[in-house]
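*Asks:*
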Amino acid sequence: MIILNSKKALCDYRNSLEKKGARVGFVPTMGFLHEGHLSLVRIAKENADAAIVSIFVNPTQFAPNEDLEKYPRDIHRDITLLEEVYCDALYMPSNEDIYPAGFQTYVDVNEISKYFEGESRPTHFRGVSTVVSILFNQIRPHFSVFGQKDAQQARLIQQMVKDLSMNIDVIVAPIVREKNGLAMSSRNKYLTIKEREDASIIYRTLLEGAELIKQGWDNAPEICQILINHMKGAEGAKPEYIKIVDQVNFSETGKLQKGSNYIILAACRFGFTRLIDNLIVEN
Ligand code: PAF
42 MIILNSKKAL CDYRNSLEKK GARVGFVPTM GFLHEGHLSL VRIAKENADA AIVSIFVNPT
102 QFAPNEDLEK YPRDIHRDIT LLEEVYCDAL YMPSNEDIYP AGFQTYVDVN EISKYFEGES
162 RPTHFRGVST VVSILFNQIR PHFSVFGQKD AQQARLIQQM VKDLSMNIDV IVAPIVREKN
222 GLAMSSRNKY LTIKEREDAS IIYRTLLEGA ELIKQGWDNA PEICQILINH MKGAEGAKPE
282 YIKIVDQVNF SETGKLQKGS NYIILAACRF GFTRLIDNLI VEN
């Protein structure tokens, strides 16, 4: 695997790929990789001549109260894992490579960024769409792979690519789960062994929601209330929200329609750790 430590190194590598007419797949990450990330890299490998992964802990998507410095990092382990899945190149830009002195341009996907995750983290998505568009411009991939785990983020990137006529396919890859159903996430590291077990309630609650919909329940707020109550009764769980959104436009729905697909979104705290998860339901 080639390690690209600067924008200049990336630029030279990308130009060499261009000359070969290579198809480039890109997976943006903030490092501290787990099986969920590796599943995205495998998809990139399957569909590209060259799979590039970036590791950049992006300051603009952290609020002042969220500790950027404490974000978990283990670059040696990340490199080993990426080599095991035959990643072609790892791009690790400096802060200056992404946000040079005098930087003042931000990308804001207005509507999608307002709700759900955007409510508790108001500046988060602006940081995500900005850094991803900078990385897209630097890497110039043919396609990029995002995880369904961060459903709102994936939808936001799809919207950005469409609105800004970026000629990049966005592939959304399925969630990878632990044996107990807990969605893989870098944040799981913060959970105690007990919290990790308790947190399996999130997936069980999502499955219960899917079951209610399958049985014909169609009042979304009512279903969400049942699911919130279910979660509240579970040990250690402090649910923040459960919402049902339309899979296409990511907006909240009242009455569920037959033939439409929905996503049940959940955010829940266990101790100091805030987790999100979701489940796509075909109605
Ligand atoms: O999902 C993440 O890890 C980040 O939000 C991303 C897409 C790498 C942008 O910093």
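Per the working numbering, the sequence shown starts with residue 42, numbered consecutively.
Cβ atoms here follow ideal geometry from the backbone N, Cα and C, with glycine treated the same way.
Fair warning: this is a prediction, and the values are worked out from it, not measured in the lab.
1) Assuming glutamate 276 contacts valine 286 under a Cβ cut-off of 8 Å, what Cβ separation, rounded to an integer in Å, is found between them?
2) Run through the DSSP bridge pairs and tell me what arginine 310 is partnered with.
3) Anyone know if the C-beta pair for alanine 261 and tyrosine 303 falls short of 9 Å?
4) Taking 8 Å as the cut-off, is the C-beta of threonine 70 nearer than that to any heavy atom in the ligand PAF?
5) Hey, out of Val94, Gly274, Asp90, whose CA is closest to glutamine 179's CA?
6) Please report the residue range of the alpha helix (DSSP H) in which isoleucine 139 lies.
7) According to DSSP, which residues form a beta bridge with serine 185?
8) Quick one: does the C-beta of asparagine 99 sit closer than 8 Å to a heavy atom of the ligand COA?
9) In chain order, what residues of the same chain lie with their CB nearer than 6 Å to the CB of isoleucine 259, ignoring the 5 residues before and after it?
10) Where do the ends of the alpha helix (DSSP H) carrying tyrosine 54 lie?
11) How close, in whole Å, do the beta carbons of phenylalanine 184 and aspartate 210 come, if the pair is a contact with beta carbons under 8 Å?
12) Which residues in the same chain have their Cβ closer than 6 Å to the Cβ of isoleucine 44, if we skip the five residues on either side of it in sequence?
13) Please work out which residues of its chain come closer than 7 Å, Cβ to Cβ, to isoleucine 175, disregarding the five sequence neighbours upstream and downstream, and give them in chain order.
14) If you draw a straight line from the C-alpha of asparagine 221 to the C-alpha of arginine 245, how long is it?
15) Determine the burial state of arginine 118: buried for a count of at least 16 other Cβ atoms within 10 Å of its Cβ, exposed for fewer.
16) Pull the bridge partners of serine 95 from the DSSP assignment, please.
17) Please classify leucine 109 as buried or exposed, where buried requires at least 16 neighbouring CB atoms within 10 angstroms.
18) Here's the rule: buried if 16 or more other CB atoms are within 10 angstroms of the residue's CB, otherwise exposed. What is aspartate 318?
19) Name the DSSP bridge partner or partners of arginine 218?
20) Quick check: does the Cβ of glycine 188 come within less than 8 Å of any heavy atom belonging to the ligand PAF?
21) Which residues does DSSP list as the beta-bridge partners of lysine 330?
22) To which residues does DSSP link asparagine 302 through a beta bridge?
23) Buried or exposed: which applies to glycine 72, given that a residue is buried once 16 or more other Cβ atoms fall within 10 Å of its Cβ?
24) Are arginine 315 and alanine 307 touching if we call contact CB-CB under 9 Å?
25) Any idea what DSSP makes of asparagine 260, helix, strand or coil?
26) Is valine 169 a contact residue of the ligand PAF, with contact defined as CB to any heavy atom under 8 Å?
27) Report buried or exposed for valine 289, applying the criterion of at least 16 other Cβ atoms within 10 angstroms of its Cβ.
28) Rank Val322, Ser170, Leu123, Arg83 by C-alpha distance to the C-alpha of phenylalanine 103 and give the top, closest one.
*Replies:* In short:
1) For glutamate 276 against valine 286, the beta-carbon gap comes to about 28 Å, at or over 8 Å, which does not count as contact.
2) Residue pairing of arginine 310 in beta bridges, as defined by DSSP: Lys279, Arg315.
3) Yes, Cβ-Cβ distance for alanine 261 and tyrosine 303 is below 9 Å.
4) Yes, the ligand PAF has a heavy atom inside 8 Å of this Cβ.
5) Per the Cα distances, Val94.
6) First-last of the alpha helix (DSSP H) with isoleucine 139: 136-139.
7) Note: serine 185 sits in a beta bridge opposite Phe67, Val211.
8) Looking at this structure, you won't find the ligand COA anywhere; what it does contain is the ligand PAF.
9) Correcting the residue identity first, residue 259 is aspartate in this sequence and not isoleucine. The residues are Lys296, Leu297.
10) 48-61 is the span of the alpha helix (DSSP H), which, as asked, contains tyrosine 54.
11) About 4 Å separates the two Cβ atoms, so the contact holds.
12) Within the same chain, isoleucine 44 has close Cβ partners Leu131.
13) Here the set comprises Ile139.
14) Going by the C-alpha atoms only, they are around 9 Å apart.
15) By the neighbour-count rule (16 or more Cβ atoms within 10 Å), arginine 118 is not buried but exposed.
16) DSSP links serine 95 through a beta bridge to Pro69, Tyr132.
17) Under a 10 Å Cβ-count criterion, leucine 109 is classified as exposed, with fewer than 16 other Cβ atoms of the shown protein chains found around its own Cβ.
18) Taking every protein chain shown into account, the CB of aspartate 318 has 16 or more other CB atoms within 10 angstroms, so this residue is buried.
19) For arginine 218, which the question treats as bridged, DSSP gives the partners Ala224.
20) Relative to the ligand PAF, the nearest heavy atom lies less than 8 Å away from the CB of glycine 188.
21) A question about residue 330 goes unanswered here, because the residues of the chain that appear run from 42 up to 324.
22) For asparagine 302, the beta-bridge partners assigned by DSSP are Glu323.
23) Buried is the call here.
24) Not a contact, by the Cβ cut-off of 9 Å.
25) The answer is strand: DSSP assigns asparagine 260 an E or B state.
26) Valine 169 Cβ: within cutoff of the ligand PAF.
27) Valine 289 is classed as exposed because its beta carbon has fewer than 16 other beta carbons within 10 Å across all chains shown.
28) Closest option to phenylalanine 103, Cα to Cα, is Ser170.
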